[in-house]
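Following the working numbering, the numbering of the sequence shown begins with 2 at its first residue and continues without gaps. Just so it is clear, CB atoms sit at the ideal spot from N, CA and C, and this is done for glycine as well.
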Amino acid sequence: MQWKDKYILVAGASGVLGQAIVEAFLQEEATVIALYFRHPDRLYSLLHADKADERQLQIVQVDLTDAHAVHSFFEQLEQTLPALDVLINAAGGARPLRLEEVTLDEWNACLQMNLTAPFLCAQSALPLLQQRGGNIINIASVAGLTGGAFGPHYATVKAGVIGLTRNLAREIGSYGIRVNTIAPGPVASPMTEALPPPLLEKIVAETALHRILQPAEIAETVIWLAGTTAMTGQTVVVDGGRYFL
Numbered sequence: 002m003q004w005k006d007k008y009i010l011v012a013g014a015s016g017v018l019g020q021a022i023v024e025a026f027l028q029e030e031a032t033v034i035a036l037y038f039r040h041p042d043r044l045y046s047l048l049h050a051d052k053a054d055e056r057q058l059q060i061v062q063v064d065l066t067d068a069h070a071v072h073s074f075f076e077q078l079e080q081t082l083p084a085l086d087v088l089i090n091a092a093g094g095a096r097p098l099r100l101e102e103v104t105l106d107e108w109n110a111c112l113q114m115n116l117t118a119p120f121l122c123a124q125s126a127l128p129l130l131q132q133r134g135g136n137i138i139n140i141a142s143v144a145g146l147t148g149g150a151f152g153p154h155y156a157t158v159k160a161g162v163i164g165l166t167r168n169l170a171r172e173i174g175s176y177g178i179r180v181n182t183i184a185p186g187p188v189a190s191p192m193t194e195a196l197p198p199p200l201l202e203k204i205v206a207e208t209a210l211h212r213i214l215q216p217a218e219i220a221e222t223v224i225w226l227a228g229t230t231a232m233t234g235q236t237v238v239v240d241g242g243r244y245f246l
């Protein structure tokens, strides 16, 4: 398989999307380093279900909003890995809020998890990515392109992820490193379930496929995008046909 003997790091691996991405790469026989902050049981369940062993799946707790913790983790990783082939920044999420409901604390927390975390991971992973010309995939949201139901805090930081992706693609492309974004529409998750039911029904009705996406459908796009060789600086929208951008 293409990913056998390759090293994949998934930041935010215990989230709904992160877990699906971890599972997809394990099925491709990659070695996966899964970073989590909460809910480690979601990852250890993969070991208990015999979907991977401890050599193929390494599970590590890291606070992705703590610059020192992130830098220290990657410094240690450099001592054990020959290279990093793919970095996937999947940490993120937010509570759906209207403008008047967003507190400064809520704004800053959203910024830290959705934008600062991928910046820190990309910065810290650079030496390992340079070894074999790896690639970075950032998970944004179609809200970063269109605005959306989750509120101004979420749309703003996801637009920032797209901007970060484009800048990194230009800056580190000379190392042979590609950087792209996937912008999903609403995916079956606790975050989507938190939307008011009438709003969720409206979103489904306005989507060409008339359904919410499944996490595995985003994961299959990650696998495909990671395997391309010439795409960089691009945003791939996977939203079931709600927006034709």
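Identity of the residues DSSP links to residue i by a beta bridge
i, result
"Q59", "I34"
"N139", "N90 and T182"
"Y8", "T32"
"V238", "A184"
Beta-carbon proximity of residue i to residue j, cut-off 7 Å
i, j, result
"V143", "A170", "no"
"A231", "Y155", "no"
"V63", "L116", "no"
"I173", "A141", "no"
"L200", "A150", "yes"
"N181", "I213", "no"
"A35", "V23", "yes"
"G186", "D240", "yes"
CA nearest to the CA of residue i, picked from the options
i, options, result
"Q235", "T193, E194 and N168", "N168"
"T208", "V237, G242, A189 and E218", "G242"
"A227", "H69, L165, N90 and E101", "N90"
"R99", "P153, F120, I224 and C122", "P153"
"V188", "V238, Q80 and P119", "V238"
"L165", "E107, Q132 and A123", "A123"
"G145", "G93, L121, P41 and Y176", "G93"
"P83", "D6, A110 and F38", "D6"
Neighbourhood of residue i by C-beta distance below 7 Å, restricted to the same chain and skipping five residues each side
i, result
"L85", "Y8, L10, A126, L129, L130 and G135"
"L196", "P97 and A150"
Own chain residues within Cβ distance below 8 Å of residue i, not counting five before or after
i, result
"R56", "T32"
"F74", "L36, V61, V63 and S125"
Close Cβ partners of residue i (< 6 Å) along its chain, the five nearest in sequence each way excluded
i, result
"A21", "P216, A217 and A220"
"S190", "V17"
**OP:** Within the stretch 56 to 129, note down every full beta strand (DSSP E) run reaching 3 residues or more, in order along the chain.
**Re:** 58 to 62 and 87 to 90
**OP:** Counting only runs of 3+ residues fully inside the stretch 155 to 227, write out the beta strand (DSSP E) ranges in chain order.
**Re:** 179 to 185
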